[in-house]
Amino acid sequence: MSYSPHTEADRARMLEAIGISSVEDLFADVPAAVRASDWQVPPPLTEQEARAELARLAGRNRIPEITFLGAGVYRHLVPAVVGEIIGRPEFATAYTPYQPEVSQGTLQSIYEFQSLICELTGMEVATASHYDGATATAEAALMACRLTRRGRVAVSAGVNPDYRRVLETYCSGPGIEVVTVPVGLAEGGNGTTDPGSIANLGDDLACVVAAQPNFYGQLEPMAELADAAHRIGAQLVAVVEPISLALLEPPGAYGADLVAAEGQPLGIPPSFGGPYVGLMAARMGSVRQMPGRLVGATRDAEGRKGYVLTLQAREQHIRREKAASNICTNQALMALAATVYLAAVGPEGLREVAELSVAQTRHLAAALEDAGLAERRFGGSYFAEVTMRVPDAARRHAALAEQGIVAGYLPEQREPELRDTLLLAATELTTDDEIARLVQALGESR
Amino acid sequence: MSVAEPPGRSDPSGRGSAFSGATGGSGLTIVEPLIFDASRRERRAVRFPKPSEAARAAAAGQPELPASARRRGAPRLPEVSELEMLRHFNRLAHLNHAIDIGFYPLGSCTMKYNPKVNEWAARLPGLAESHPLDPAQLSQGSLELMWLLAELLKDISGFDAVSLQPAAGAHGELTGMLMTRAYHRDRGEGEQRTKVLVPDSAHGTNPATATMVGYETVTIRSNERGGIDLGALRGALGPDVAALMITNPSTLGIFEDQIDQVVAAVQEAGAIAYMDGANLNAILGRFRPGEAGFDVMHFNLHKTFSTPHGGGGPGAGPIGVSARLEPYLPAPMPVLAEGDPAEVLANAWALRSTPGARFELDDDRPKSIGKVRSCYGNFGMFVRAYTYIRSNGSQGLRTISEDAVLAANYLRVRLHDAYDLPYDRLSKHEVVFSGRRQKREHGVTTLDIAKAILDHGIHPPTIYFPLIVEEALMVEPTETESLETLDRFVDVMHGIAEQAKTDPDAIRRAPTTTPVGRLDEAAAARRPDLRHTFRDETEASMA
Ligand SMILES: Cc1ncc(COP(=O)(O)O)c(C=O)c1O
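Sequences listed follow chains A and B, in order. For what it's worth, our numbering labels the leading residue of the first sequence as 96, then goes sequentially. For what it's worth, our numbering labels the leading residue of the second sequence as 4, then goes sequentially.
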């Protein structure tokens with residue numbers, strides 16, 4: 096398959112206009128010493144062959160029949176309208192809206208996205224998007240360093256381990272120290288971050304990064320963490336899950352200074368890890384230190400309202416080495432997916448999704464407890480994911496996977512303290528029957 | 004009054020009373036209010052089931068959400084019917100220019116056709132529903148695809164290893180420069196090498212990246228031919244230099260014809276040679292940066308390999324590296340744990356799976372810089388790029404670059420009578436004109452020219468970049484535009500150059516046929532209005 100429109104006659108006409116005799120002459124500027132040698136790239140495929148190849152690869156995956164896996168990526172209903180809209184070529188095949196007069200569709204949808212994220216989080220300003228939740232978290236921590244002019248970051252061990260790894264990588268750049276605030280993971284612990292441990296982290300701390308709900312599903316004392324951070328002059332970066340914000344207090348209300356989140360649950364399929372969308376929100380007073388694109392409303396000479404990329408003096412194309420971040424391309428189309436999702440479900444639908452997820456997770460925990468197969472590992476309350484103590488968890492997790500049942504996530508892969516536990520998630524898509532089959536399969540794997 | 008303030012009830016669009024109501028505009032001219040303006044209490048699109056009896060009963064013994072953690076008052080998301088919301092976004096779509104609608108010669112962005120079979124592939128349920136943390140035995144297809152794509156990118160670029168993890172070009176730059184630093188540190192030169200050399204023609208992400216990695220940027224000037232000044236480069240190189248970040252072909256659309264000497268000089272100084280690969284579209288099959296001695300390069304899959312840009316993303320910015328940087332690549336890496344690589348490749352090229360082959364994610368990389376993104380990157384973009392590379396195949400990839408370069412040179416010779424061409428030499432994928440003549444002689448700026456182009460249904464070139472060209476107009480036609488389209492663009496550009504002489508005011512008033520005219524960007528920055536302000540509760544309930 097070649098997508099070139101040119102006939103040989105077209106090429107001949109262009110060569111003649113240029114005044115050269117062959118396409119080889121177009122590459123005369125590549126020094127002989129470094130001309131490419133041959134490669135092994137295979138021959139072209141027709142569309143029918145390309146489809147066969149991709150169907151082959153898709154067929155090599157086994158999509159589990161039943162799954163309780165979340166751990167940062169959640170399976171929710173993606174309403175049909177979402178795919179319909181983000182598949183529209185006017186959105187999908189446009190570039191970053193550098194020419195606002197012919198990009199009002201993209202720009203207005205981003206403005207709506209920013210508005211929705213502010214409303215969900217209770218914050219005053221939200222960016223146009225980041226690569227994912229992890230990089231949004233890392234960029235938020237770097238932003239806190241710029242705002243406080245401090246160079247140390249504390250992160251709760253309850254934050255998604257992938258996010259913590261990305262945060263450490265980002266902080267290694269400018270040499271920012273990352274300290275981990277422990278979470279009570281030991282037997283008898285409550286699985287949350289102790290606000291009392293913040294005070295002795297020192298007075299040069301830029302921020303405390305904590306997640307609500309945390310990676311283990313537990314509900315953190317966010318207001319106390321915010322207070323503890325503020326008492327030592329540090330900011331609170333709240334890492335949240337957007338669907339939970341239908342029921343949980345928005346970070347703006349408990350004193351968060353910065354919010355970062357993974358927007359994947361809002362209408363984006365798991366797609367083996369991406370593309371997703373990073374969300375970031377802050378207080379208006381910090382806007383000039385925000386990384387990434389922002390869309391603002393304005394008017395044209397005739398007074399018509401329109402939208403533009405704005406406050407660009409923060410960005411790399413204007414400020415170069417003094418920019419707030421190097422981010423250029425972001426995840427605009429995925430932000431559109433989230434926008435369409437939120438409009439499609441509305442406040443009632445989002446509440447229903449959250450309540451069903453919360454209810455089915457409790458159903459799942461109760462069913463496992465009642466069958467004597469598992470116990471909740473932590474006290475306190477949880478949201479829509481729960482850490483359960485399950486004897487011989489790793490072996491049984493593998494045995495169930497063979498049957499096409501994914502019994503959640505195995506925390507011991509990263510956290511040895513959580514040996515023999517499973518982190519299980521349910522959403523509105525989880526059925527009673529699936530829970531019954533998990534209970535049965537887990538029972539049989541004893 | 005801030006522009007954020009809601010316009011009067013009779014005029015939710017803010018664009019005059021003729022356009023009032025939720026479906027403003029006349030005929031097919033669309034003026035679309037915010038989705039929030041269409042919100043009415045109790046309207047619904049998607050609904051969900053109620054929790055089952057069993058779920059409700061089971062919940063009794065489980066902890067509730069504590070009152071202290073609960074939200075008071077629902078978020079004010081729009082309440083709309085499905086048709087209304089669909090129309091809203093469809094109408095917004097009409098306000099966009101896009102490749103699928105018309106010519107989009109936006110320099111440096113490679114706005115070529117995004118084949119639809121790639122979209123079909125990315126939506127295959129077997130790929131789209133694949134959870135990144137599923138046990139590896141359930142994800143062999145996703146892992147094989149990533150492994151195959153990395154193998155192809157290695158071959159295309161001449162590098163020894165490729166990581167797909169970075170989510171965009173700038174993210175690839177960050178990854179490459181963190182690896183550069185890890186490499187120097189490992190050799191005990193971390194403290195001493197503090198500078199990164201960046202040509203004055205570079206994209207803004209290059210210096211911004213250097214800063215994010217804690218490096219100081221030193222700008223290297225270009226010579227009068229538009230290439231990097233070798234003398235200046237040699238003068239700046241020294242034991243304090245960590246890397247050179249160079250774009251090749253450059254942002255002037257020029258191949259650095261002394262690139263072999265550039266790379267040699269950098270390596271002689273013990274520094275890392277970083278190539279910004281945003282412009283790889285010009286040189287497929289002609290120049291392989293890894294083979295030419297570069298240590299690291301990012302690809303922009305959303306440019307060269309045609310994954311749609313989505314109005315600003317997602318993209319994907321894999322990086323290729325030489326053997327000496329390989330240990331520092333981000334973790335994890337998809338690897339072939341069991342099976343013969345040559346056999347697996349041969350089978351895949353023949354559209355066959357290899358019995359017994361097993362793929363894994365290798366997270367045991369002690370020297371790795373760590374992770375730069377959750378999971379493994381923008382997988383959906385990998386699917387599209389893989390489909391694209393396989394569809395084009397070896398000859399197709401070479402044709403891409405030949406036709407892209409042919410088109411750019413054709414526009415160069417056809418337009419250089421009307422517009423100044425500061426560097427009049429063989430182009431690669433793009434050509435950078437200057438509007439300085441129009442500005443000096445007729446007071447028509449490059450911005451004016453760009454806005455005039457809009458009135459012809461064409462997206463303007465990139466403007467005012469690269470910075471070293473006064474009044475720059477950076478034109479990248481790509482290989483997928485027909486000769487008729489190129490000729491029409493030539494006519495439009497000639498017409499505008501002519502009009503600059505005869506009726507410059509008309510150009511300064513452009514555009515006049517777009518949904519909005521030139522927008523007041525200064526006001527937008529002075530009084531930022533970055534989100535919708537809701538009417539107060541009483542008003543909302545009356546609405
Ligand atoms: C030359 C060059 N380098 C780097 C980038 C950054 O790539 P991305 O936007 O994917 O982050 C771009 C894209 O705009 C570019 O044109």
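Every residue gets a Cβ at the ideal spot worked out from N, C-alpha and C, and that includes glycine.
Original post:
Under the criterion of a Cβ to heavy atom distance below 7 Å, does Asp508 of chain B qualify as lining ligand 1?
Top reply: No.
Q) Gln140 of chain B touches chain A at which residues, Cβ-Cβ below 7 Å? A) In chain order, Ala496 make up the part of chain A whose C-beta sits under 7 Å from the C-beta of Gln140 of chain B.
Margin query: Less than 6 Å between C-beta atoms, sequence neighbours within five positions excluded: which residues of the same chain meet that for Ile413 of chain A?
Written below: If we look at Ile413 of chain A and ignore the five residues flanking it on each side, its Cβ neighbours are Gln407.
Excluding sequence positions up to five away, which residues of its chain have a Cβ less than 8 Å from the Cβ of Asp299 of chain A?
Excluding residues within five positions, the ones whose Cβ falls inside 8 Å are Arg245, Gly246 and Arg247.
* To do: Within 10 angstroms of the Cβ of Asn284 of chain B, are there 16 or more other Cβ atoms? Answer buried if so, exposed if not.
  => So Asn284 of chain B ends up on the buried side.
query = Taking Cβ to Cβ, would you say Ile500 of chain A is nearer than 8 Å to Met429 of chain A?
reply = Result no, Cβ atoms of Ile500 of chain A and Met429 of chain A do not sit closer than 8 Å.
Between Asp124 of chain A and chain B, is any beta-carbon pair separated by less than 8 Å? Yes, its Cβ sits closer than 8 Å to a Cβ of chain B.
Point to revise | Where the alpha helix (DSSP H) containing Ala48 of chain B begins and where it ends | key: Segment: none, Ala48 of chain B is in no alpha helix (DSSP H) and carries neither H nor E.
Rounded C-beta distance between Ser251 of chain A and Ala306 of chain A? I'm assuming under 8 Å.
Here Ser251 of chain A really is in contact with Ala306 of chain A; their C-beta atoms are around 7 Å apart, less than 8 Å.
Closest Cβ-Cβ distance between Ala324 of chain A and chain B: below 8 Å?
No, because no Cβ of chain B sits closer than 8 Å to the Cβ of Ala324 of chain A.
Quick one: measure Cβ to Cβ for Gly293 of chain B and Gly323 of chain B, integer angstroms, because I've assumed they're closer than 8 Å.
Confirmed, about 6 Å.
(message) If I follow the unbroken beta strand (DSSP E) through Pro202 of chain B, where does it start and stop?
(response) From DSSP, the beta strand (DSSP E) with Pro202 of chain B extends over Lys198 to Pro202.
CB Leu164 of chain A to CB Asp137 of chain B, shorter than 8 Å?
With respect to Asp137 of chain B, Leu164 of chain A sits close: the two C-beta atoms are nearer than 8 Å.
According to DSSP, is Glu341 of chain B helix, strand or coil? Three-state DSSP puts Glu341 of chain B in a strand.
- Taking the alpha-carbon positions, what's the Leu148 of chain B to Asp506 of chain B distance? Computed Cα separation, rounded: 56 Å.
Using a Cβ-Cβ cut-off of 8 Å, state whether Gln143 of chain B counts as contacting chain A.
-> True, the Cβ-Cβ gap to chain A drops below 8 Å.
**Asked** Cβ-heavy atom distance between Gly387 of chain A and ligand 1 below 7 Å?
**Response** Not so, every heavy atom of ligand 1 lies at least 7 Å from the Cβ.
Item to complete: State the beta-bridge partners of Ser1 of chain B as determined by DSSP.
Response: Any question about residue 1 of chain B goes unanswered here, given that chain B covers just 4 to 546.
Suppose the cutoff is 7 Å on Cβ atoms and the five residues either side in sequence are ignored; what does the same chain contact list for Arg509 of chain A look like?
Correct list, in chain order: Pro256.
Quick check: is the beta carbon of Asn295 of chain A nearer than 8 Å to any beta carbon in chain B?
No, because no Cβ of chain B sits closer than 8 Å to the Cβ of Asn295 of chain A.
| request: Kindly provide the chain-ordered list of residues whose Cβ lies closer than 6 Å to any non-hydrogen atom of ligand 1. | output: Spelled out in chain order, the answer is A:Cys423, A:Thr424, B:Ser111, B:Ala171, B:Gly172, B:Ala173, B:His206, B:Thr208, B:Thr250, B:Thr254, B:Asp279, B:Ala281, B:Asn303, B:Gly318 and B:Gly320.
When the Cα atoms are used, what is the spatial distance from Arg46 of chain B to Ala503 of chain B? Arg46 of chain B and Ala503 of chain B have their C-alpha atoms roughly 53 Å apart.
Item checked: Per-residue contacts from Val519 of chain B into chain A (C-beta, under 7 Å) -> Annotation: Cβ neighbours of Val519 of chain B in chain A (cutoff 7 Å, chain order): Glu196, Gln199, Asp395, Arg399 and Gly401.
Item to complete: Identify every residue that forms a DSSP beta bridge with Asn156 of chain A.
Response: DSSP lists B:Ser142 as partners of Asn156 of chain A.
message = Beta carbons nearer than 9 Å to chain B: which residues of the region 137 to 163 of chain A have them?
response = From the region 137 to 163 of chain A, only Pro137, Pro138, Pro139, Leu140, Thr141, Glu142, Glu144, Ala145, Arg146, Ala147, Glu148, Leu149, Ala150, Arg151, Leu152, Ala153, Gly154, Arg155, Asn156, Arg157, Ile158, Pro159 and Thr162 have a Cβ closer than 9 Å to chain B.
request  = Rank B:Leu236, B:Gly380 and B:Phe302 by C-alpha distance to the C-alpha of Val261 of chain A and give the top, closest one.
outcome  = Considering only alpha carbons, the answer is B:Gly380.
Report task. Using a Cβ cut-off of 9 Å, pull out every chain A residue sitting near His497 of chain B, in sequence order please. Result -> Chain A residues near His497 of chain B: none, gap ~14 Å exceeds 9 Å.
Q) Which chain B residues sit within Cβ distance under 8 Å of Thr264 of chain A? A) Correct list: Leu181, Pro333, Ile372, Gly373, Lys374 and Val375.
What residues in its chain sit with their C-beta under 6 Å from that of Val177 of chain A, if we drop five residues either side in the sequence? Beyond the five residues adjoining it in sequence on each side, Val177 of chain A comes within less than 6 Å, by CB distance, of Gly362, Ala432, Val435 and Tyr436 in the same chain, given in chain order.
Exercise. Kindly list the residues whose CB is nearer than 7 Å to the CB of Thr402 of chain B, restricted to its own chain and excluding five residues on each side of it in sequence; keep chain order.
Key: Hits under 7 Å: none found.
- Would you kindly work out how many angstroms separate the C-alpha atoms of Met545 of chain B and Arg44 of chain B, rounded to a whole number? Confidence at Met545 of chain B is low in this model, with a pLDDT of 44, below 50, so the placement of that residue should be treated as unreliable; the coordinate-derived value is given next. Approximately 10 Å, taken between the alpha carbons.
**Q.** DSSP beta-bridge partners of Gln261 of chain B
**A.** DSSP output for Gln261 of chain B lists no bridge partner at all.
Next on the checklist: Between A:Val304, A:Arg378 and A:Thr526, which has its C-alpha nearest Val220 of chain A's C-alpha?
Outcome noted: Proximity to Val220 of chain A across A:Val304, A:Arg378 and A:Thr526 peaks at A:Arg378, based on C-alpha coordinates.
* To do: Assign Gly315 of chain B to one of two classes, buried (16 or more other C-beta atoms within 10 Å of its C-beta) or exposed (fewer than that).
  => The residue is buried, with at least 16 neighbouring Cβ atoms inside 10 Å.
Exercise for the section: Report yes if the CB atom of Gly154 of chain A is closer than 8 Å to the CB atom of Gly230 of chain B, and no otherwise. Expected result: Their beta carbons are not under 8 Å apart, which means Gly154 of chain A does not touch Gly230 of chain B by this criterion.
> Along the region 359 to 385 of chain A, what residues have a CB closer than 7 Å to any CB found in chain B?
Replying inline: Residues Pro364, Pro365, Ser366, Phe367, Gly368, Gly369, Pro370 and Val382.
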